[in-house]
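Trainee: Under our numbering, think of the first position of the sequence shown as -4, with each following residue one higher.
Just so it is clear, CB atoms sit at the ideal spot from N, CA and C, and this is done for glycine as well.
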Amino acid sequence: MDFRDVTQELKNDLTRVEKAINENYKSDVPLIPGISSYLMSCGGKRIRPILTLLGAKLCGRETDDTVVKHGCVVEYIHAATLLHDDVVDETTVRRGKETVNAKWGSDASILVGDFLISRAILILAQDCDRKIIQAVTEATKVLVEGGIHEYTEARNIKVSEKHILDVIHRKTGSMISVSARLGGLLANATEQQETAIISFGDDFGMAFQLMDDALDYNANEAVLGKPPGTDFKEGHVTLPLHHLYHNADRSLKREIEGFIKNENLTEKDLQYVLGHMHNHKSIEYTVNLARFYIDRAKSHLRKAHFPAPEYIEHFDAVADYIHSRHQPDVALKA
């Protein structure tokens, strides 16, 4: 089974999720549905709602309106964080299209992000499930803490690898993990089942972001949906650059320190760094670490007994898809 098989099997469920996403951002303030519709139409594989659907199925609950609504919740929160992140990072292109802040301005981007979060809260409040509300709010808190943690060390190439992985765990792992966890909670998962699902989500989230970070240095714009090297040009210290720096000689370290401080980096600068990343196997290191997290994520689900264990292979397919799709396949320029 591969990811295409998963999405085909979930086709009707995902159609219901998409319908709920489109219906729940309606507002009599014209700008809100306009921006929301634009944002939701910009692509994305709906990984988080898929994990919610699969989490429920794995624990014995078929897709119903409640499961669909919670798939909508995690997608809204994810979309809101993208809106806010793009303002902070001054990003102008995402998934091959102008970002909302580039098209409508930062104020509109922030406010519509706030609106989507409020819609997510409203959906959660309809059922008033204390454990689910607690899970979502805790994950959101951790996500925001991760953003602040990253911000406080912006352009600091000397941070530890532990710091970088902690930011990934908070910013990406938290929401991916809770996406799968919600499905389990809706199906009344046992403590053992819930723990296994959370652990899968944590490690899958780590791999997801690490592959994105590797891809940023080693893919074309058609694959990325944004210009390659965006992280480098915006001064983000992700694992490939961090690995290069901490394995470089003194001269190269000084050059990298200069690049990080420079807000006007060129394509030539990027290609220079890419050449050294190739020599030091920095992207390979990042990809291998992601593979480790994927394999560990898959192992967690085999430590619990589930009502519908056949869905474990669906989780496997989603995890493997992230690795295969993001596997850098564009030759580096030395």
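From I336 to E145, what does the alpha carbon distance come to, in whole angstroms?
Mentor: Nothing can be reported for residue 336: it is not among the residues displayed for the chain, which extend from -4 to 329.
Trainee: Give me whichever residues DSSP pairs with E93 in a beta bridge.
Mentor: Your numbering for residue 93 matches position 98 in the sequence shown. Paired residues: V88.
Trainee: What residue range does the alpha helix (DSSP H) around P304 cover?
Mentor: As a position in the sequence shown, residue 304 is number 309, starting the count at 1. First-last for P304: undefined, no H or E at that position.
Trainee: Rounded to the nearest angstrom, what separates I171 and R56 at their Cα positions?
Mentor: Counting from 1 along the sequence shown, the entry for residue 171 is found at position 176. Counting from 1 along the sequence shown, the entry for residue 56 is found at position 61. Their backbone Cα atoms lie some 20 Å apart in a straight line.
Trainee: To the nearest angstrom, how far is the alpha carbon of S294 from that of F195?
Mentor: Mapped onto the sequence shown, residue 294 falls at position 299. Mapped onto the sequence shown, residue 195 falls at position 200. Whole-angstrom Cα-Cα distance: 8 Å.
Trainee: Do you know offhand how far V12's Cα is from L119's?
Mentor: Numbered from 1 along the sequence shown, position 17 holds the residue referred to as residue 12. Numbered from 1 along the sequence shown, position 124 holds the residue referred to as residue 119. Taking the straight line joining both Cα atoms gives about 15 Å.
Trainee: Measure the C-alpha to C-alpha separation of K126 and V139 and round it to an integer number of angstroms.
Mentor: Taking the sequence shown and counting its residues from 1, one reaches residue 126 at position 131. Taking the sequence shown and counting its residues from 1, one reaches residue 139 at position 144. Approximately 20 Å between the Cα atoms of the pair.
Trainee: Hey, how far is the Cα of T61 from the Cα of V173?
Mentor: What you label residue 61 is simply residue 66 of the sequence shown in a count that begins at 1. What you label residue 173 is simply residue 178 of the sequence shown in a count that begins at 1. Distance between the alpha carbons of T61 and V173 is about 16 Å.
Trainee: Comparing C-alpha positions only, which one of F301, Q188, A184 and N283 sits nearest to L234?
Mentor: Locating residue 234 in the sequence shown gives position 239, counting from the first residue. Nearest C-alpha to L234: N283.
Trainee: Leaving out five residues before and five after L48 in sequence, what residues of the same chain have Cβ atoms less than 7 Å from its Cβ?
Mentor: Residue mapping note: residue 48 aligns to position 53 of the sequence shown, counting from 1. Once the five neighbours on either side are set aside, the close Cβ partners of L48 are L5, D8, T58, V62, G66 and G178.
Trainee: Would you call the region 244 to 257 in contact with the region 287 to 306, where contact means no fewer than 3 C-beta pairs closer than 8 Å?
Mentor: Because the criterion of three Cβ pairs below 8 Å is not met, the region 244 to 257 and the region 287 to 306 do not touch.
Trainee: DSSP three-state call for V313: helix, strand or coil?
Mentor: Here residue 313 refers to the residue found at position 318 of the sequence shown. Helix.
Trainee: Here's the rule I'm using: 16 or more other beta-carbon atoms within 10 Å means buried, otherwise exposed. How should M206 be labelled?
Mentor: In the sequence shown, counting from the first residue as 1, residue 206 sits at position 211. By the neighbour-count rule (16 or more Cβ atoms within 10 Å), M206 is buried.
Trainee: When you compare each of D315, V131, Q266 and E133 to A214 by their alpha carbons, which one comes out closest?
Mentor: Working through the sequence shown from its first residue, we reach residue 214 at position 219. Taking only the C-alpha atoms, the option nearest A214 is Q266.
Trainee: With DSSP collapsed to three states, give me the class of S113.
Mentor: Counting from one through the sequence shown, the residue named residue 113 turns up at place 118. Looking at S113 - three-state DSSP - the assignment turns out to be helix.
Trainee: My parser needs the alpha helix (DSSP H) runs of 4 or more residues fully inside the region 182 to 223; what are they?
Mentor: Here the runs fully enclosed are 186 to 211 and 216 to 219.
Trainee: Examine the Cβ distances between the region 150 to 158 and the region 222 to 241 and report whether three or more of them are shorter than 8 Å.
Mentor: They touch, by the three-pair rule.
Trainee: How many angstroms separate the CA atom of S31 from the CA atom of A243?
Mentor: Within the sequence shown, the letter at position 36 stands for residue 31. Within the sequence shown, the letter at position 248 stands for residue 243. Their Cα atoms are separated by approximately 44 Å.
Trainee: So, for A97: in the same chain, excluding its five sequence neighbours on each side, which residues have a beta-carbon less than 6 Å away from its beta-carbon?
Mentor: Locating residue 97 in the sequence shown gives position 102, counting from the first residue. Correct list, in chain order: T87.
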